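Participant:
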Amino acid sequence: MILRLLPILITLTLLAGCNKPVNCIESDTLIFNTKIYTANDIHPEAEAVAVKNKNIVFVGSNKEAEAYKCGEVSMLDLEGMFVYPGFIDSHAHVKGIGYRELNLNLQGIDSLKEMLTVVEIYSNLKEPGEWVVGRGWIEKNWPEARFPTMGELDRFSSDRPVVLERADGHAVIVNSYALKLAGIDFDTKDPHGGAINRDSNGNPNGLLVDKATLLVEKLIPKKTLKQDKEALEIAIDESLRLGWTQLHDAGSPYADFEILEEIKLEGNLNLRIQFYASDGPDALKMLEEGTIIDPQHFLSARGIKLYADGAIGSRGAAFLEKYHDYDTSGFLIFEKEKTMPKLIEALKKGIQIETHAIGDKGNQITLDWYEEAFSLVRKDERLIENPRWRIEHAQNIQPEDQLRYKEMDIIASMQPSHAIGDLHFAEKRLGLERLKNAYVWRSLLNQGVRVVGGSDAPVEIGDPRIEFKAAIGRKDLDGFHGEGWHVEEAVERQDALKMFTKWASYSVFEEDIKGTIEVGKLADFTILSKDLMTIDEEEIMSSEVVMTIVGGKIVYSR
Ligand SMILES: [Zn+2]
0 MILRLLPILI TLTLLAGCNK PVNCIESDTL IFNTKIYTAN DIHPEAEAVA
50 VKNKNIVFVG SNKEAEAYKC GEVSMLDLEG MFVYPGFIDS HAHVKGIGYR
100 ELNLNLQGID SLKEMLTVVE IYSNLKEPGE WVVGRGWIEK NWPEARFPTM
150 GELDRFSSDR PVVLERADGH AVIVNSYALK LAGIDFDTKD PHGGAINRDS
200 NGNPNGLLVD KATLLVEKLI PKKTLKQDKE ALEIAIDESL RLGWTQLHDA
250 GSPYADFEIL EEIKLEGNLN LRIQFYASDG PDALKMLEEG TIIDPQHFLS
300 ARGIKLYADG AIGSRGAAFL EKYHDYDTSG FLIFEKEKTM PKLIEALKKG
350 IQIETHAIGD KGNQITLDWY EEAFSLVRKD ERLIENPRWR IEHAQNIQPE
400 DQLRYKEMDI IASMQPSHAI GDLHFAEKRL GLERLKNAYV WRSLLNQGVR
450 VVGGSDAPVE IGDPRIEFKA AIGRKDLDGF HGEGWHVEEA VERQDALKMF
500 TKWASYSVFE EDIKGTIEVG KLADFTILSK DLMTIDEEEI MSSEVVMTIV
550 GGKIVYSR
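The numbers in the sequence shown follow numbering that gives the first Met the number 0, run straight up by one, and end at 557.
Below, the structure written as structure tokens:
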């Protein structure tokens, strides 16, 4: 059981004019009597911070803070708590976080048997013909250690379509009814960038990978705007509760941006969001109309999301050599003739590109095309000279390509939780030898590459404590690490903190306004009950989010 600490005392001093000390420095909020990690190398620690008009106006000692204990200041005595710059999730899918709560959530299920039971119960609640949609299953820690089969789903769902998305979003398992609705049979060819898995007779077996998932998913009745809004509002609350102050939304339709604008107008957008438009019509719209930068720094759209390849679990990530356990080397999703014009236009219009690339070939090709675009559009022809393009996941990178990240100043946007999940099965897929190029956080940092941290929620839980613990320990939550996990690729705590604060801000051109606790920056803080920088790794998950503050406003408090 978690012991709840006494509520924090917020004292509002109302020292009217006559009592005001002569040397009173006015502010709105004073946080004091605490330990503050600033992520600022010049003054890495402090005891007090004062906020006025959403910005930090003072960072220093308790003694210096005395001058601020005056006027109409809200005083937060945070004795025994720990204050960090507001945590930033550099890779998340905002609406998906909300829908995880609204749909059948298969995350955290411990066995195939349990999942089939849960889906059967849920399916029985539906009418014949109604869609049964679930997501979040992952087989890697199941005792059965395999995907569900179509036959297992058919047993309880002969009169309704079932589609269950794997946690990584790159594969679905469907039942026979859904395959039939989609018209997928023996004669259906694999779409570009996707695979219809088959049994030994060549008949589809219900497992669809990457672009092939769309053959079924396009048939699922669309969510209404009202449902989307509900999902986005849930995601905002959930993220603040977990201690995030900003999310970088890794590829969404403009319709979501418009709903978020509505939520902002209604005064309910307390989480900062950096929006990346999905590839396709949404990306083209941004290339046509340009970026939208919010002067209040809550909701900006500055880039587009592309996909180079798939994921390792479903063997869709593109590798230079074949998988260890299957006769494929994965496949590329994007095509050069469609992608290159987008890259060129993006450079001219100052639009940031972030590309999902997991396999070593996926990473290499992405770097190749970025490099070609850079050479075609000279610096003086670009709206932003250093475009700070990103590669999302950046999971497997050949040593010579790691150097190119640095040379071309490409940001590696990585998710520590992916490593501690994937490494359980990556050896089976890739073989031991290739794992030395996998999730190379420390190697990239040592080479001067900018590494930024994210969770990929709802693919992963999306808890900053999990990400921090994974980054510094490179062990799973049970403390396990196996051969080939390369623990030497774990990072120092100060670096882990910067991955989720200072460097994350750089990756969206906001390093001058946020990401550290410094005078002049936005007052975004994550306040925890424990000291992430010194406690035992095993204690990290017991640290509670005490408070989340965005722009000086308390937007979550336990
Ligand atoms: Zn993602």
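Note that beta-carbon positions come from the ideal geometry of N, C-alpha and C, so glycine has one too. Note that the structure is predicted; figures quoted are calculated from it, not measured.
Under DSSP, the beta strand (DSSP E) around residue 50 begins and ends at which residues?
Facilitator: Counting from one through the sequence shown, the residue named residue 50 turns up at place 51. 47–51 is the extent of the beta strand (DSSP E) around residue 50.
Participant: Just to check my reading of the structure: residue 450 and residue 440 have Cβ atoms closer than 8 Å, yes? What is that Cβ distance to the nearest angstrom?
Facilitator: On the sequence shown, residue 450 is found 451 positions in, with the first residue counted as 1. On the sequence shown, residue 440 is found 441 positions in, with the first residue counted as 1. About 6 Å; that satisfies the 8 Å criterion.
Participant: Just checking: is the beta-carbon of residue 338 within a distance shorter than 9 Å of some beta-carbon in chain C?
Facilitator: Annotation note: the requested chain C is absent from the structure, which comprises a single protein chain.
Participant: Evaluate residue 547 with the Cβ neighbour count: other Cβ atoms within 10 Å of its Cβ, from every protein chain shown; 16 or more gives buried, anything less gives exposed.
Facilitator: Residue numbering aside, residue 547 sits at position 548 when the sequence shown is read from its first letter. With 16 or more other Cβ atoms within 10 Å, it is buried.
Participant: Quick check: is any heavy atom of ligand 1 less than 8 Å from the C-beta of residue 164?
Facilitator: To locate residue 164, count along the sequence shown from 1; it is residue 165. No, the beta carbon of residue 164 sits no closer than 8 Å to any heavy atom of ligand 1.
Participant: Hey, how far is the Cα of residue 90 from the Cα of residue 408?
Facilitator: Numbered from its first residue, the sequence shown carries residue 90 at position 91. Numbered from its first residue, the sequence shown carries residue 408 at position 409. Looking at the two C-alpha atoms, the distance is approximately 19 Å.
Participant: Taking only the alpha-carbon atoms, compute the straight-line gap between residue 243 and residue 232 and give it to the nearest angstrom.
Facilitator: As a first step, residue 243 must be located in the sequence shown, where it is residue number 244. As a first step, residue 232 must be located in the sequence shown, where it is residue number 233. Answer to the nearest angstrom: the Cα atoms are 14 Å apart.
Participant: Give me the residue from 96, 66, 63 and 45 with the minimum Cα distance to residue 460.
Facilitator: For the purposes of this step, residue 460 is taken as the residue at position 461 of the sequence shown. The shortest C-alpha separation from residue 460 is found at 96.
Participant: Comparing alpha-carbon positions, which option in 134, 431 and 534 lies nearest residue 484?
Facilitator: By 1-based counting over the sequence shown, the position of residue 484 is 485. Measuring from the Cα of residue 484, the nearest candidate turns out to be 431.
Participant: Among 466, 499, 545 and 81, which has the Cα closest to the Cα of residue 245?
Facilitator: Within the sequence shown, the letter at position 246 stands for residue 245. When each option's Cα is compared against that of residue 245, the closest is 499.
Participant: Enumerate, from N- to C-terminal direction, the unbroken beta strand (DSSP E) stretches of 3 or more residues contained entirely within the region 248–316.
Facilitator: The qualifying runs are 271–276 and 298–306.
Participant: Taking the alpha helix (DSSP H) that residue 153 falls in, what are its first and last residues?
Facilitator: For the purposes of this step, residue 153 is taken as residue 154 along the sequence shown, with counting starting at 1. Note, residue 153: alpha helix (DSSP H), 149–153.
Participant: How is the beta strand (DSSP E) around residue 356 delimited, first residue to last?
Facilitator: Locating residue 356 in the sequence shown gives position 357, where the first residue counts as 1. In the DSSP annotation of this structure, the continuous segment of the beta strand (DSSP E) that includes residue 356 starts and ends at 351–356.
Participant: Quick check on the DSSP output: the beta strand (DSSP E) that includes residue 84 runs from which residue to which?
Facilitator: On the sequence shown, position 85 is the one that residue 84 refers to. Taken as a continuous stretch (DSSP letters only), the beta strand (DSSP E) holding residue 84 covers 81–84.
Participant: For residue 547, which residues does DSSP report across the bridge?
Facilitator: Along the sequence shown, one-based indexing puts residue 547 at 548. Beta-bridge pairing links residue 547 to 525 and 555.
Participant: Assuming residue 303 contacts residue 352 under a Cβ cut-off of 8 Å, what Cβ separation, rounded to an integer in Å, is found between them?
Facilitator: As a working mapping, residue 303 is identified with position 304 in the sequence shown. As a working mapping, residue 352 is identified with position 353 in the sequence shown. Residue 303 to residue 352, Cβ: 6 Å. Contact.
Participant: Which whole-angstrom value is the C-beta distance of residue 81 and residue 521, which I expect to be below 8 Å?
Facilitator: The residue given as residue 81 occupies position 82 in the sequence shown. The residue given as residue 521 occupies position 522 in the sequence shown. Wrong, their Cβ atoms sit about 20 Å apart, outside the cutoff.
Participant: I'd like the list of long-range same chain contacts for residue 25, defined as Cβ closer than 6 Å, with 5 residues on each side in sequence excluded.
Facilitator: Walking along the sequence shown from the start, residue 25 turns up at place 26. Counting only Cβ-Cβ distances below 6 Å, and skipping sequence neighbours, we find 70.
Participant: On the CB-based measure, 16 or more other CB atoms within 10 Å of its CB, does residue 463 come out buried or exposed?
Facilitator: In the sequence shown, counting from the first residue as 1, residue 463 sits at position 464. Of the residues assessed, residue 463 falls on the buried side of the cut-off, its CB having 16 or more other CB atoms within 10 angstroms.
Participant: Can you name, in chain order, every residue of its own chain whose Cβ lies under 6 Å from the Cβ of residue 301, other than the five neighbours on each side?
Facilitator: Taking the first residue of the sequence shown as position 1, residue 301 is located at position 302. Hits under 6 Å: 290 and 351.
Participant: Taking the alpha helix (DSSP H) that residue 445 belongs to, which residues open and close that run?
Facilitator: By one-based count along the sequence shown, residue 445 stands at place 446. Residue 445 -> alpha helix (DSSP H) spans 440–445.
Participant: Quick one: residues with CB closer than 5 Å to any heavy atom of ligand 1, in chain order, please.
Facilitator: Checking every Cβ against the heavy atoms of ligand 1 under 5 Å gives 249 and 455.
Participant: So does the region 153–166 actually touch the region 183–194, counting three or more Cβ pairs closer than 8 Å?
Facilitator: no
Participant: Check the DSSP bridge columns for residue 28 and list the partner residues they point to.
Facilitator: To locate residue 28, count along the sequence shown from 1; it is residue 29. Paired residue(s): 50 and 73.
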